[in-house]
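Just so we're aligned, residue 7 is where the sequence shown starts under my numbering, counting upward by one. In this text, a Cβ means the ideal position worked out from N, Cα and C, and glycines have one as well. For reference, the structure is listed below as structure tokens.
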Amino acid sequence: MSLPEQLLLSDLLRRHVRCDQGVDHGLGAMAWMHPPVHRLLGWISKPSAFGDRRLAWRLNQLRGITELEVLVKGDPAATDLATAERLPSLIDAVVLDRDRQPIGTVADAAVELSSGAILHYLVARSDPRLPGSSRWRLTPERISDQQPGEVCTLVAGLDDLPLARASVRQEWLRRSRRWRNQVQLGTERLKDQFQQAGAQMEERLEGWLDDEEPQFSRPPADASALADREAWDDWDEPELPLSEPQPHRYSRRGDDPWL
């Protein structure tokens, strides 16, 4: 089984150790490293859930990695919990910026298997045990000093470090920022197109007005009155028939017309 050229320290610590004799030596518990030269020497496993017994494995004993186990060859070095906890390590150390303000915690390390050299550390802003949190790469060249539990750097903040893995929130913010920029760019392009179309229509309208200016004739001021006058002149009143006067007829009673 071939090994990758490099792997993460967490790949060793979250798997059970199984030797060439088929014995399960427990889950990886902590790193065994030499911080002054940023080198991983091996790792420590915990063979049982109870007790202080620990087993130290050298990095060159690693022979393969499966989904749940790491395969090793040879015998481990037995130790106890108190001795293992005194081993120097930068894992879980607080990362300080150039103003010596905490900006994160060392959560993991990328290791070259052939030499054990640590290529870069992974820094977490929040609790490293939280799943899906972001990780930033911190190379050894950017570390100015290191003390037990502290790593001093010359960076102004985590934004000065390359992002190795984005959390769900960081990924959402990054995509939202990209979508907002795309929408803004599309809006500006559409605005430019409208401005260009408006300018072209204005030029065409001005040219049309210059080439064909419509001529309007004004009617005479008294045209309406003249039309009314002609209408009245054409209208003929009907002639009323004249009747001849009729003689009065009187009754026989005293020739009184009212009786």
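Exercise. Do you know whose CA, among ALA90, HIS31, LEU74, LEU164, lies nearest GLY80's CA?
Worked result: Your numbering for residue 80 matches position 74 in the sequence shown. With distances taken between Cα atoms, GLY80 lies closest to HIS31.
Exercise. Which term fits LYS197, buried or exposed, when burial requires 16 or more other beta carbons within 10 angstroms of its beta carbon?
Worked result: Start at 1 with the first residue of the sequence shown, and residue 197 comes out as number 191. Only exposed fits LYS197, as fewer than 16 other CB atoms lie within 10 angstroms of its CB.
For this session: Would you check if there are 3 or more beta carbon pairs closer than 8 Å linking the stretch 23 to 37 to the stretch 102 to 109?
Result: The stretch 23 to 37 and the stretch 102 to 109 do not touch, with fewer than 3 CB-CB distances between them shorter than 8 Å.
Exercise. Around the C-beta of GLY70, are 16 or more other C-beta atoms found within 10 angstroms, so that it is buried, or is it exposed?
Worked result: Residue 70 sits at position 64 when you count from the first residue of the sequence shown. With fewer than 16 other Cβ atoms within 10 Å, it is exposed.
Exercise. Roughly how many whole angstroms lie between the Cα atoms of TRP38 and PRO94?
Worked result: The count along the sequence shown starts at 1 and reaches residue 38 at position 32. The count along the sequence shown starts at 1 and reaches residue 94 at position 88. Here the C-alpha atom of TRP38 lies approximately 8 Å from the C-alpha atom of PRO94.
Problem set entry | Range of the contiguous beta strand (DSSP E) that encloses THR85 | Locating residue 85 in the sequence shown gives position 79, counting from the first residue. Its beta strand (DSSP E) spans residues 83 to 86.
Problem set entry | Beta-carbon proximity of VAL117 to LEU169, cut-off 8 Å | Counted from its first residue, the sequence shown places residue 117 at position 111. Counted from its first residue, the sequence shown places residue 169 at position 163. Cβ distance not < 8 Å, so VAL117 and LEU169 don't count as in contact.
For this session: Identify every residue that forms a DSSP beta bridge with MET39.
Result: Here residue 39 refers to the residue found at position 33 when the sequence shown is read from its first residue. MET39 is bridged to LEU46.
For this session: Give the DSSP-derived three-state secondary structure of LYS52 in the structure shown.
Result: Indexing the sequence shown from 1 puts residue 52 at position 46. Three-state DSSP puts LYS52 in a strand.
Exercise. Any idea if GLY48 is buried or exposed, counting beta-carbon neighbours within 10 angstroms, 16 or more meaning buried?
Worked result: By one-based count along the sequence shown, residue 48 stands at place 42. With 16 or more Cβ atoms within 10 Å of its Cβ, GLY48 is classed as buried.
Problem set entry | Residues near LEU74 in its chain [Cβ-Cβ closer than 8 Å; skip 5 each side] | As a working mapping, residue 74 is identified with position 68 in the sequence shown. Only ARG21, HIS22 meet the Cβ criterion.
Exercise. Which residues share a DSSP beta bridge with CYS25?
Worked result: Working through the sequence shown from its first residue, we reach residue 25 at position 19. Answer is none; CYS25 lacks a bridge partner.
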